[in-house]
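Chains as they are written, first to last, in my numbering: chain A, 1 to 358; chain B, 1001 to 1369.
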């Protein structure tokens, strides 16, 4: 195995909201009343059924409650265990599935305030991602601006499958706000289920939805690059979270080839896709979709032609690795340092900020 | 519409290739709109004139994402006698089959009855296209072999069309498209797989098609390039569906060819499938083996558009992960992103692998002596 080094940044932790009612203290009277009077159910996404093996490593599954719902467990099993200096919390509560922009806005505000109170205030190592009501661009930008005053929010979080491809101009005010405020956009696996969860329709099984996350990331990367997001926002960083990354080299060969062929269609894409990825896109480490031998993985890193793309993550409490094998076999010490410390520090500018609370 | 083309060099600009090749993706076209009418019952002539084909997308004419070139085809491929690119056998012979030493050419007709909403019309057009392939192409040039096109959304009718063509040596495969009403592993398509296995015909799954679903899992993208690049993602998902639904458990002799959607993605997809399967196998107990094993045993890939990394080592390593015995050379003639046979494979490949890549894998798969 490859040993982690102390002082790393765990870029993908999932604190779980115990239940929708846990957010009631963070809602106004109207929404508290709506939730209770209408008997609204917990917002658990089909992307991660609570009892699915991928939703929690067996030895991380608590005796009671949702995996990832206990701070003490997260500290012991992830932060202390791998000696992380920082851990970035990416709540996967199903607020994106909601259709009403008003409801989504109320739930996102509650979720972000809950994260501050229940997690960030209780462990200095924790940082947060701002969950946004993407159903309304105006409200999403307002929520980014509201939360960004707290420097412990280091990123804006979106799901990889939403209503429209993420490169669409419709979303650009979100990107402008994020760039202005020094926040990368984190794009996490998961669907709002407003479209079929694959590009060829509804599959029969949960496993198909999960496999399809990787293809969804590929199409989103195409969209973001060819729509010109990074020509317009050159300082904007985006982080693909729980995306897998071993698909990246052949994906880029293909995108590059077609870009050469039909670039007259998108003339604002004035740099090669690979260059855009190198300067603006990062990927979380887990899951590593490769065979366990170090040999193959090192070849894949060679195919990626950069050692700056990958950011350390445990994907806690999701089941991506066993025991202490959070780092795949065969990585050099130099690469381990880059993945665990240098690359995340270079990506999340706000980690360097000393004054953390507003 | 006829487009006037500049003078061009004799027989196109092909550099030619010395060894015989198989081209596993050639697109024959109709020269005129009514070229198919002799193969269609009278009622459909009027129907087509009045209502069009009524597909799972909105445009009455042409594709929803305008192509980069007219008919997505080479500007030097218009036949001298008129008609669209790919519609003349004599010009195809002169421009492509002869100079490129094509010993086996697999025809994959597009714009057939596949992906239509009216299933009677879909069946009629598919059957007509199959007759037309024999009369216009395969009976006139024995190097060419047809693909049985089928009304894919009506599994029973599709199976009947396959059985009608079983044993006919004009055909070497059944053709499906990657984007359908449902993912390809779904049971509605199983009669197609049953009939193909029974007939001993591989199934080619060609990129493209519209099935009523947005072409990404996040809705409709803006540009043609997104559709083009996205074919490989649609193909990955379609293949995952075929494997996870247990199609290859149920039809153990079925062979499938992934056509024009790349192959570089195959190792990463297989690794991901195996890894996730190790966690979630309880959900799919009908699978008796690891997903990668079904892929290794049942799937072939055509090469065009060829993976084109800066380093040839990266290409060779990727092919080694897939297997040199699984790739089938293809040009996509007459489409604009045609791969030139003489230039597609970098130096440094053994003679045996070159021979497998360019010809032998295809001959073996399609049972051509």
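Ideal placement from N, C-alpha and C gives every residue a C-beta, glycine not left out.
query = Going along the chain, which residues of its own chain have a beta-carbon closer than 6 Å to the beta-carbon of residue 1184 of chain B, five neighbours each way excluded?
reply = So the qualifying residues of the chain are 1238, 1241, 1242.
request  = Assign residue 1043 of chain B to one of two classes, buried (16 or more other C-beta atoms within 10 Å of its C-beta) or exposed (fewer than that).
outcome  = Exposed is the label assigned to residue 1043 of chain B, since fewer than 16 other Cβ atoms lie within 10 Å of its Cβ.
query = Can residue 1268 of chain B and residue 289 of chain A be called in contact, C-beta distance under 8 Å?
reply = Closer than 8 Å, so yes.
task = Look at the alpha carbon of residue 51 of chain A and the alpha carbon of residue 42 of chain A, and state the distance between them as a whole number of angstroms.
result = So the two alpha carbons sit approximately 15 Å from each other.
key: Backbone CA spacing between residue 202 of chain A and residue 126 of chain A [nearest angstrom]   = It is roughly 37 Å from the alpha-carbon of residue 202 of chain A to the alpha-carbon of residue 126 of chain A.
key: Assigned exposure category for residue 84 of chain A - 16 Cβ within 10 Å defines buried   = Classification for residue 84 of chain A: buried.
Through-space distance from residue 187 of chain A to residue 94 of chain A, alpha-carbon basis = About 14 Å.
request  = Using only alpha-carbon positions, find the residue among A:319, A:114, A:105, A:63 that is nearest to residue 143 of chain A.
outcome  = Looking only at A:319, A:114, A:105, A:63, the smallest Cα-Cα distance to residue 143 of chain A is reached by A:105.
request  = Starting from the beta carbon of residue 1329 of chain B, find every residue of chain A whose beta carbon is closer than 8 Å, and list them in chain order.
outcome  = By Cβ distance, chain A contributes nothing, its closest Cβ being about 17 Å from residue 1329 of chain B, past 8 Å.
request  = Whole angstroms is fine: what's the gap from residue 1025 of chain B's alpha carbon to residue 1059 of chain B's?
outcome  = Pairing residue 1025 of chain B with residue 1059 of chain B, the inter-Cα distance amounts to about 26 Å.
key: Listed by chain order, chain B residues near residue 51 of chain A by CB distance under 8 Å   = The premise fails here: residue 51 of chain A is roughly 11 Å from chain B at the closest Cβ pair, so nothing lies under 8 Å.
Bridge partner(s) assigned by DSSP for residue 1171 of chain B = Answer is B:1146, bridged to residue 1171 of chain B.
query = Name the chain B residues whose beta carbon is nearer than 7 Å to that of residue 253 of chain A?
reply = The CB of residue 253 of chain A comes closer than 7 Å to the CB of 1264, 1307, 1308, 1309 in chain B, given here in chain order.
ask   = residue 1065 of chain B: which of B:1270, B:1364, B:1208, B:1360 sits nearest, CA to CA?
value = Per the Cα distances, B:1208.
task = Drop a sphere of 10 angstroms on the beta-carbon of residue 1339 of chain B, count the other beta-carbons inside from all chains shown, and report buried for 16 or more, exposed for fewer.
result = Burial call: buried.
ask   = Considering only residues of the same chain and omitting the five flanking positions on each side of residue 1201 of chain B, which have a CB-CB separation below 6 Å?
value = So the list reads 1173, 1174, once near-sequence residues are dropped.
task = Compile a chain-ordered list of the residues in the segment 1224-1245 of chain B whose CB is closer than 7 Å to at least one CB of chain A.
result = Correct list: 1224, 1225, 1226, 1228, 1229, 1230, 1232, 1233, 1234, 1236, 1237, 1238, 1240, 1241, 1244, 1245.
request  = Tell me, please, whether the segment 1210-1222 of chain B touches the segment 150-167 of chain A by the rule of three or more beta-carbon pairs shorter than 8 Å.
outcome  = Under the three-pair Cβ rule at 8 Å, the segment 1210-1222 of chain B counts as touching the segment 150-167 of chain A.
query = Given residue 295 of chain A, which residues of its chain have a CB within under 8 Å of its CB, disregarding the five upstream and five downstream residues?
reply = Closer than 8 Å at Cβ, skipping near neighbours: 330.
key: Segment limits, beta strand (DSSP E) that includes residue 238 of chain A   = If you look at residue 238 of chain A, you'll find it in the beta strand (DSSP E) that goes 238-241.
key: Sheet register partners of residue 1206 of chain B (DSSP bridge)   = Beta-bridge analysis with DSSP links residue 1206 of chain B to B:1177, B:1259.
Environment of residue 279 of chain A [buried if 16+ CB atoms lie within 10 Å] = That one is exposed.
message = As an exercise, report each continuous alpha helix (DSSP H) stretch of at least 4 residues that is fully enclosed by the segment 1309-1346 of chain B, in chain order.
response = As far as the segment 1309-1346 of chain B is concerned, its whole alpha helix (DSSP H) runs of at least 4 residues are 1312-1322.
ask   = Can you check whether the CB of residue 320 of chain A is closer than 8 Å to the CB of residue 287 of chain A?
value = Going by C-beta atoms, residue 287 of chain A is nearer than 8 Å to residue 320 of chain A.
key: Contacts that residue 195 of chain A makes with chain B (C-beta to C-beta distance below 7 Å)   = Residues of chain B whose Cβ lies closer than 7 Å to the Cβ of residue 195 of chain A are, in chain order, 1214, 1217, 1218, 1219.
message = Once the 5 residues before and after residue 1295 of chain B are set aside, which same chain residues still bring their CB inside 6 Å of it?
response = Closer than 6 Å at the Cβ level, and outside the excluded window around residue 1295 of chain B, lie 1270.
query = Between the beta-carbon of residue 301 of chain A and the beta-carbon of residue 340 of chain A, is there less than 8 Å?
reply = Not closer than 8 Å, so no.
Residues bridged to residue 129 of chain A (per DSSP) = For residue 129 of chain A, which the question treats as bridged, DSSP gives the partners A:155.
key: Proximity test, residue 1233 of chain B beta-carbon vs the ligand ZN heavy atom, cut-off 7 Å   = As far as ligands go, the structure on display features none, and thus does not contain the ligand ZN.
Cβ neighbour criterion (16 or more within 10 Å) applied to residue 246 of chain A = Here residue 246 of chain A is buried: its Cβ has 16 or more other Cβ atoms, across all protein chains shown, within 10 Å.
key: Nearest-angstrom Cα separation, counted from residue 1154 of chain B out to residue 1233 of chain B   = Cα-Cα distance, rounded: 25 Å.
Amino acids of chain A, ordered along the chain, whose beta-carbon sits closer than 8 Å to that of residue 1300 of chain B = Chain A residues near residue 1300 of chain B: none, gap ~17 Å exceeds 8 Å.
ask   = Can you list, in chain order, the residues of the segment 24-55 of chain A whose Cβ is nearer than 8 Å to any Cβ on chain B?
value = Residues 52, 53, 54.
query = Taking Cβ-Cβ distances shorter than 8 Å, what residues in chain A pair up with residue 1271 of chain B?
reply = Here the neighbours are 246, 289, 290, 291.
key: When B:1334, B:1327, B:1276, B:1285 are compared against residue 1299 of chain B, the one with the closest alpha-carbon   = Residue 1299 of chain B has its Cα closest to that of B:1327, out of B:1334, B:1327, B:1276, B:1285.
task = From the DSSP output, in three-state form, read off residue 188 of chain A for me.
result = In the structure shown, residue 188 of chain A sits in a strand (DSSP, three-state: E or B).
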